[in-house]
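So the sequence lines, in the order shown, correspond to chains E and Z.
Sequential numbering of the first sequence, starting at 1, is according to our numbering.
Sequential numbering of the second sequence, starting at 1001, is according to our numbering.
2 protein chains.
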Amino acid sequence: MIADTILDQAVKDLFDGIRFQEGPEGLYDPLRYMIAIGGKRIRPRLCLTTYSIYKQALTEEILQPAAGLEVFHTFTLIHDDIMDHSPLRRGNPTVWKKWSEDTAILSGDVMSIDAYKRIAQAPASILPEVLQLFSKTASEVCDGQQLDMDFEKRNIVRMSEYMQMIGLKTGVLIACAARMGALIGGASRESQQHLYDYGYLLGLAFQVADDYLDAYGDEKVFGKPIGGDILNGKKSWLTVRAVELGAKGLEEALADNTAAPEEKIALVKALYNSVGVAEEARKTIGELSAQAIGKAREAALPEGGLEALEHFAHALVGRVK
Amino acid sequence: MIADTILDQAVKDLFDGIRFQEGPEGLYDPLRYMIAIGGKRIRPRLCLTTYSIYKQALTEEILQPAAGLEVFHTFTLIHDDIMDHSPLRRGNPTVWKKWSEDTAILSGDVMSIDAYKRIAQAPASILPEVLQLFSKTASEVCDGQQLDMDFEKRNIVRMSEYMQMIGLKTGVLIACAARMGALIGGASRESQQHLYDYGYLLGLAFQVADDYLDAYGDEKVFGKPIGGDILNGKKSWLTVRAVELGAKGLEEALADNTAAPEEKIALVKALYNSVGVAEEARKTIGELSAQAIGKAREAALPEGGLEALEHFAHALVGRVK
């Protein structure tokens, strides 16, 4: 095992020192911008964590693929922000807003290719497996975005559908990160699969937590204004569960754009509270996180591995109490 | 060598029988649509041609990467059509026009991933090299699209800049196709490089021919209405060369959207003719094609190889007389 502080520093160094290809003015600026405005870098951090369970030192064979996961994730954010018409990302203007839609399309495209360039630096002996894992994941993430957009046009979305959507949009890339670290680190196929499942369940927990914190979080900790999903009338775990629990008037309240923002947020949260959705969300996050750790336990990891993954899960979703 | 008719049939079978992943409704329909409306399939055909110089039978190790090149090319068309606001492609509505911009963005993304899935089926022993060639090419194609868009905003574009742009936008992917076939076929590194240069020069000849035929072609042979570039005021080899040769009033004529279409086309062609740009274009196409064949000659190919590439070049740009 490699110490947490060393892994944290490795992720920081990886993105502080990241270099993109030179090209026509404007094409690569959005890549640098998006990496500079940061993010939690969950995916590379998890990839390095599972690798470090099997290997004692970090080399380019893992650092570049780990960076590729974050670059791919960032590419999907750039394109999603166009499709969702989101003006802000992490408190900063989105790429299409700051530059243009055309720039966001093309810079996103070149960023997805950059991701593949980094993933392809995995050891040649296992490159076909690494690529198969990554490409399968990448197209599933697109499937998830498609479902997300489809759901926005529908009145009723069942919880099973919602969980499948966030599994594709968020779960599989975190699962891929966990598995890729283990695969490159030399884990058995069986352990790889358990770590994939750990990442998938943790990804679900993370997304439900994100939905929960959007309504119930502390703005300073959450990093963006509270109530964004409510104001945008967006479907979330909270809306889907509240409808299941029989909250009356929720759809109308979410669709009402005449109310003042604070009033709309207060009304929707009152409806959530009337059916006890916040407690349910916290319980679900705890259950998913526990299931994830159960999968890590099944992986029969070398000494220190399980503790590292428990710690990772706690750091990611433990903020929801 | 494998006979031309067999290679033609192999390309036809490859796309008649192409299968894309199943996914959310709507996401994969544009892929099937774009493949169904066809195209010349130059890139897979050239890839199979250079492979067949070295190998006697076509197997999945070359068929899937060859298909990947066409899928990648098609992805760039889907996104370019959004950025260029083009309503038609090969006489059919473009994806953004037929579905929506969001669908065109996301289906394009998933198509670029599909391309990588196919490229990754190259033999494992040379996969790192194949991927490096492909990813380098893919990001250069994006660079070319960025330059093309930049040039549309400028008044003056020098011929050297224009040739660099079409080299990136069109040349490098045809060059990559030629090299990839040779690489997977087992050619020496030196022969691969000569075949890359053959493809690059032939790609330039092809693009200049496309620009020429847009103004001087036969609509039935060219496959789209004559004068499209002129009506759209688009920079082409003809406009760049005519300005160099001192054609007076060309920019104003191209920018004038008040004239009737036939009149605008007639006026611009009269200006082209006043400085003899059509003859120059035909000469340049012939020279580039001859240079390409010179590179194929330097590659010291097995018997029949040079003739196959001469034949390919003739079929591609020999229609310009």
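For every residue, glycine included, the Cβ atom is placed at its ideal position computed from N, Cα and C.
Using the beta-carbon of each residue, which ones in chain Z are nearer than 8 Å to residue i?
| i | result |
| --- | --- |
| H79 of chain E | I1105, L1106, D1109 |
| S52 of chain E | Those do not exist, as S52 of chain E stays about 24 Å from chain Z at its closest Cβ, beyond 8 Å. |
Starting from the beta carbon of residue i, find every residue of chain E whose beta carbon is closer than 7 Å, and list them in chain order.
| i | result |
| --- | --- |
| K1235 of chain Z | By Cβ distance, chain E contributes nothing, its closest Cβ being about 15 Å from K1235 of chain Z, past 7 Å. |
| A1138 of chain Z | I113 |
For residue i, which residues in chain Z fall below 9 Å Cβ to Cβ?
| i | result |
| --- | --- |
| G199 of chain E | Under the 9 Å cutoff, chain Z gives no residues; its nearest Cβ is about 20 Å from G199 of chain E. |
| Q193 of chain E | Within chain Z, no residue comes near Q193 of chain E; the closest Cβ sits about 21 Å away, beyond 9 Å. |
| I166 of chain E | Residues of chain Z passing the Cβ test: none, with the nearest at roughly 14 Å. |
Could you please give the first and the last residue of the uninterrupted alpha helix (DSSP H) stretch that includes residue i?
| i | result |
| --- | --- |
| P1065 of chain Z | 1060-1083 |
| D16 of chain E | 4-16 |
| E1022 of chain Z | Unbroken run through E1022 of chain Z: none, as it is neither H nor E. |
| L1144 of chain Z | Looking at the sequence itself, residue 1144 of chain Z is Gly, so the reference to Leu does not match. Here the alpha helix (DSSP H) through G1144 of chain Z covers 1127-1152. |
| L201 of chain E | 189-216 |
| L1048 of chain Z | 1042-1054 |
| K1224 of chain Z | It is not in any alpha helix (DSSP H) - K1224 of chain Z carries neither H nor E in the DSSP assignment. |
| Q1164 of chain Z | 1159-1166 |
| S274 of chain E | 261-274 |
| G172 of chain E | Residue 172 of chain E is actually Val in this sequence, not Gly. 172-185 is the extent of the alpha helix (DSSP H) around V172 of chain E. |
| Q1291 of chain Z | 1277-1298 |
| S1236 of chain Z | Per DSSP, S1236 of chain Z belongs to no alpha helix (DSSP H) and is neither H nor E. |
| L1306 of chain Z | 1305-1317 |
| T103 of chain E | 101-119 |
| Y1033 of chain Z | 1029-1036 |
| L254 of chain E | 250-255 |
With which residues is residue i paired in a DSSP beta bridge?
| i | result |
| --- | --- |
| R1089 of chain Z | Z:N1092 |
Got a sec: is the Cβ-Cβ distance from residue i to anything in chain Z below 9 Å?
| i | result |
| --- | --- |
| A292 of chain E | no |
| A285 of chain E | The amino acid at residue 285 of chain E is misidentified as Ala; the sequence shows Ile. Output row for I285 of chain E: interface = no. |
| Q207 of chain E | no |
| Q132 of chain E | yes |
| C47 of chain E | no |
| I62 of chain E | no |
Determine whether the Cβ of residue i lies closer than 9 Å to any Cβ atom of chain E.
| i | result |
| --- | --- |
| S1112 of chain Z | yes |
| Q1128 of chain Z | First, the residue type needs correcting, since residue 1128 of chain Z is Pro and not Gln in the sequence shown. Chain E, which has a Cβ nearer than 9 Å to the Cβ of P1128 of chain Z, makes this yes. |
| C1176 of chain Z | no |
| M1163 of chain Z | no |
| L1069 of chain Z | no |
| A1124 of chain Z | yes |
Who are the neighbours of residue i on chain E, taking C-beta pairs under 8 Å?
| i | result |
| --- | --- |
| L1147 of chain Z | P24 |
Please look up how many angstroms separate the CB atoms of residue i and residue j, rounded, as I've assumed it's under 8 Å.
| i | j | result |
| --- | --- | --- |
| L1288 of chain Z | L1271 of chain Z | That belief does not hold up - the Cβ atoms of L1288 of chain Z and L1271 of chain Z are roughly 24 Å apart, past 8 Å. |
| Y28 of chain E | F15 of chain E | 15 Å between Cβ atoms; not a contact. |
| I1352 of chain Z | P1302 of chain Z | No statement about residue 1352 of chain Z is possible, as the shown extent of chain Z runs from 1001 to 1321 and does not include it. |
| L1007 of chain Z | R1045 of chain Z | 7 Å |
| M159 of chain E | E280 of chain E | The Cβ separation is near 11 Å, so there is no contact. |
| E1061 of chain Z | P1128 of chain Z | At roughly 15 Å, the Cβ-Cβ gap does not stay under 8 Å, so E1061 of chain Z and P1128 of chain Z are not in contact. |
| Q121 of chain E | A1120 of chain Z | Their Cβ separation, rounded to whole angstroms, is 14 Å, which puts Q121 of chain E and A1120 of chain Z out of contact at 8 Å. |
| P24 of chain E | Q1146 of chain Z | 4 Å |
| G181 of chain E | L48 of chain E | 6 Å |
| K1110 of chain Z | C142 of chain E | The residue you asked about is not Lys; residue 1110 of chain Z is Val in the sequence shown. Yes, they are in contact, since the Cβ atoms of V1110 of chain Z and C142 of chain E sit about 4 Å apart, within 8 Å. |
| T74 of chain E | A178 of chain E | Not confirmed; about 19 Å, so no contact. |
| H194 of chain E | K295 of chain E | 5 Å |
| R1324 of chain Z | V1208 of chain Z | Any question about residue 1324 of chain Z goes unanswered here, given that chain Z covers just 1001 to 1321. |
| A1315 of chain Z | I1293 of chain Z | About 13 Å; that fails the 8 Å criterion. |
| A1215 of chain Z | G1227 of chain Z | 7 Å |
| G1167 of chain Z | Y1200 of chain Z | 7 Å |
| T1069 of chain Z | A1010 of chain Z | The sequence given here has Leu at residue 1069 of chain Z, not Thr. With 8 Å as the limit, L1069 of chain Z and A1010 of chain Z do not qualify as a contact, their Cβ atoms being about 14 Å apart. |
| M1 of chain E | G304 of chain E | 4 Å |
| S274 of chain E | A253 of chain E | Incorrect: roughly 11 Å between the Cβ atoms, too far for contact. |
What does residue i touch in chain E if you count any residue whose Cβ is under 9 Å from its own?
| i | result |
| --- | --- |
| S1135 of chain Z | I113, D114, Y116, K117, A120 |
Quick one: list the residues of chain Z neighbouring residue i, beta-carbon separation under 7 Å, in chain order.
| i | result |
| --- | --- |
| Q21 of chain E | S1139 |
| L27 of chain E | C1142, D1143, Q1146 |
| I82 of chain E | I1105 |
| D102 of chain E | M1083, M1149 |
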